[in-house]
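First residue of the sequence shown? That's 147 in my numbering, and the numbers climb one at a time after it.
Every residue, glycine too, gets a C-beta built ideally from N, C-alpha and C.
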Amino acid sequence: MLVTSLTDSGSPDLQLVAATGPAPDGGRYDGALLTSGATRQTGLVQTADVPATVLAALGLRDRGAGLVGSTIGRVSGPSTADARLARLLDVQREALAITRVSGTFDSALLVLVVGFVAVAGLLLRGGRRPSRPVRRTLQVAGTVVALLPVSSFLVALVPWWRAGAPGAALGAAALGWAVLLAVPALAGPWRRTVLGTAAAVAAVTSGVLLADAVLGSPLTVDTPMGGHRLLGARFYGWSNQAFALAATAGMVLAVVVADQLVRRGLRWAAVAAVAVLGLVVVVVDGTPGLGSDAGGPVALLLMFGLLAVVVSGRRVRWRTVLLVVGAGVLVVGTLMVLDYLRPPTERTHLGRFVATLLQGGLWTVLARKESANLHALGDWRVLVLLVGAVALGWLALVRYAHRRGRRLRDTDLGGLVPLVPLLRAGLAAWGAAMVVGFLMNDSGIIIPAIGIALLAPLLLAAVARLRDEDQGEHGRDVRAADLGPAVSG
């Protein structure tokens, strides 16, 4: 017997699904919680899973091949009915809370990022060197702000929704994680290099996101930058925000690691490091059941591929770009087809997308994605973050070089490029990835905006750190790496 509640009586809410007796895929529903291949979350199924389950129970599974849903299965849970009910009520409370506070959290993050970039951009513009306390404050503040995006995933480890003021508890949890992670990032031995703290932040960000994907996305569901149960858009894998953070963090980490290896004369070790890091991120991002991201691998392969070419000392030409993009399309297509070849109940949305294409639904999918992209363009928070951070960062990183008569491509980014020459190539590759990610994902404008929310505070904090040292220290501690030919068309 399968009992379901399919409509809301008022405002959107999670509804009841209860089952007893034999399950279509074996075993019995009794004494367990429900799940499905569509959600991969304990105690959570979709409405679309109901018809697929009914057909499977009637022995008509083949007739449901075109359905979006998956068969409802069982997963172990609390031993008593009361405990299972309490677990589900807590899930419902969390789902309601995140929909009510996520908008406020996003707005607060916007204010903090743009506010920091504005203050830092004004204080550091034109080569200015503010007082030591100000420089140190900018370093700490920039690091904490850059850690807020990944901290918005780590809040899942804290039951903030049970607090009397969930919004305040969510903000406090995110800020607490950011401050906690900032301490080792600022105090570790890596701080001796100009981008050492940035690399530490990037390592934490990418590490958290990679681990989350591998472990079944426990930090993704009902977190500010993850998927929300009530929206039903994504229950596992990397959201657009997670992809943007992983790409940005991956670029920063690859640049710093490769730069250090090239300094030691280990150019091919640097190429291998970039390739291995890129491979790990691409595989996790694109693999069904992990990142499950259809639009991300092409952008990531482009970014890491171009960066690896530059590190090797070769010039980047158009045929190189086309070759890397082609390889990315081939990888994504292969992953999607392999997922499609699995039984319908085991497919992720990648395999279901292939099934939709085979049934003639390509234009419907494309129209939906572009509609979501256009809708996101109207989000004032995203536009302010995107435009404001770029404009304000220009004051500190670019405008000074342009005013002195140098070409924009020759700007030293506040003094960072002479010390880390690979940074310019990394930013170019990152920009290409953000553009491709924007074009290939729904709500894609969020991708460059979130990437900037991580990258801008990191670079400005690094500039403040650079201005905090004497010129003599630069010459002793940091040497420019010889990277060979520059990027060219």
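Would the segment 441-454 count as touching the segment 579-598 if we require 3 or more Cβ pairs under 8 Å? Flag = yes, the segment 441-454 and the segment 579-598 touch.
Coarse secondary structure for P279, derived from DSSP in three states: In the three-state reduction of the DSSP assignment, P279 falls in the helix class.
Which partner residues of A165 appear in the DSSP bridge assignment? In DSSP, A165 forms a bridge with L148.
Below 8 Å on the Cβ atoms is my guess for L436 versus G383; work out the distance and round it to an integer in Å. Confirmed, Cβ separation roughly 7 Å.
With a threshold of 7 Å, establish whether the CB of R613 neighbours any heavy atom of the ligand FMN. Of ligands this structure carries none, so the ligand FMN is not represented either.
Ranges of the alpha helix (DSSP H) found wholly within the segment 364-451, counting only runs of at least 4: Within the segment 364-451, the complete alpha helix (DSSP H) runs of at least 4 residues are 386-409 and 413-432.
Extent of the continuous alpha helix (DSSP H) to which I598 belongs: For I598, the enclosing alpha helix (DSSP H) begins and ends at I592 to R613.
Under 8 Å by Cβ, that's how I've got A574 and V340 pegged, so tell me the actual separation to the nearest angstrom. The Cβ separation is near 19 Å, so there is no contact.
Out of V430, G560, L321 and A571, point me to the one whose CA is closest to V457's CA. The option with the nearest alpha carbon to V457 is A571.
Go ahead and label D439 buried or exposed: buried means 16 or more other beta carbons lie within 10 angstroms of its beta carbon, across all protein chains shown. Residue burial annotation: D439 is buried, with at least 16 other C-beta atoms found within 10 angstroms of its C-beta.
In the structure shown, what three-state DSSP assignment does S352 receive? In the structure shown, the three-state DSSP call for S352 is helix.
Tell me where the beta strand (DSSP E) around L179 begins and ends. First-last of the beta strand (DSSP E) with L179: L179 to S182.
For Q192 and G167, the rounded distance between their alpha carbons: Between the alpha carbons of G167 and Q192 lies a distance of about 20 Å.
Write down the C-beta distance between W323 and L300 rounded to the nearest angstrom, noting that I regard them as a contact closer than 8 Å. With a Cβ gap of about 5 Å, W323 and L300 count as contacting.
With a cut-off of 8 Å on the beta carbons, I'd call A241 and D368 a contact; round off their distance for me. Between D368 and A241 the Cβ distance is about 6 Å, and since that is below 8 Å, they are a contact.
Which value, in whole angstroms, describes the spacing of the CA atoms of L269 and P564? Between L269 and P564, the C-alpha separation is close to 21 Å.
Exposure label - L294; buried when at least 16 CB within 10 Å: The residue in question, L294, is buried, as its Cβ has 16 or more Cβ neighbours within 10 Å.
Unbroken alpha helix (DSSP H) run spanning V260, endpoints: Segment A227 to L270, the alpha helix (DSSP H) holding V260.
With a threshold of 16 other CB atoms inside 10 Å of the CB of M147, please say whether the residue is buried or exposed. M147 comes out exposed.
Would you check if the distance between the CB atom of T466 and the CB atom of A395 is smaller than 8 Å? Inclusion of T466 and A395 in the CB contact set at 8 Å is not warranted, their separation being larger than that value.
For T289 and A331, believed in contact at Cβ under 8 Å, the rounded distance: A331 to T289, Cβ: 6 Å. Contact.
Going by the beta-carbon positions, is the gap between A390 and I244 smaller than 8 Å? Going by C-beta atoms, A390 is not nearer than 8 Å to I244.
Within 8 Å, do at least three Cβ pairs link the segment 270-284 to the segment 230-240? Contact between the segment 230-240 and the segment 270-284 is absent: fewer than 3 CB-CB pairs across the two stretches fall below 8 Å.
What does DSSP give as the partner residues of V221 in its beta bridges? For V221, which the question treats as bridged, DSSP gives the partners L179.
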